[in-house]
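In our numbering, the protein residues as written are 16 to 145. Glycine included, each C-beta is placed from N, C-alpha and C at the ideal position.
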């Protein structure tokens, strides 16, 4: 038995027609192409993804309902350094010129933003994360 033998191609098409998320649509297109006989190696090349990712997506279609298979899995990461209220404050700040906050320049740069966040919230970011 081949991968996706038990997955309905028409259900994949219907879900693709309704998809609004680009990543979900890509997964659905990979599944449909595989069902039509396109090899994993070819799909990986077409979509610029590793073969292991193609196999992972195909396995998800076999193991879960389609609407769950196309969704990203939750990946816990480092907790945000700024609280939600601080982020909202920062978003409002970025709508104004740096001069309104005592900085020189007409637009925000990563270095200015880094300095502002450290002064305002006491949170340090490296420029790689700014």
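If you draw a straight line from the C-alpha of residue i to the C-alpha of residue j, how long is it?
i, j, result
"residue 66", "residue 141", "34 Å"
"residue 85", "residue 115", "45 Å"
"residue 61", "residue 70", "14 Å"
"residue 126", "residue 37", "32 Å"
"residue 118", "residue 130", "10 Å"
"residue 26", "residue 73", "15 Å"
"residue 33", "residue 134", "46 Å"
Is residue i near residue j, with beta carbons less than 8 Å apart?
i, j, result
"residue 76", "residue 31", "no"
"residue 55", "residue 96", "no"
Exposed or buried, what is residue i when buried is set at 16 or more other beta-carbons lying within 10 Å of its beta-carbon?
i, result
"residue 46", "buried"
"residue 39", "buried"
"residue 113", "buried"
"residue 42", "buried"
Between the options, which lies nearest to residue i when the distance is taken from Cα to Cα?
i, options, result
"residue 123", "134, 133, 135 and 110", "110"
At what residues does the alpha helix (DSSP H) containing residue i begin and finish?
i, result
"residue 116", "Run containing residue 116: none; DSSP gives neither H nor E here."
"residue 123", "No alpha helix (DSSP H) contains residue 123, which DSSP labels as neither H nor E."
"residue 103", "99-109"
"residue 19", "No alpha helix (DSSP H) contains residue 19, which DSSP labels as neither H nor E."
"residue 47", "37-50"
"residue 66", "66-78"
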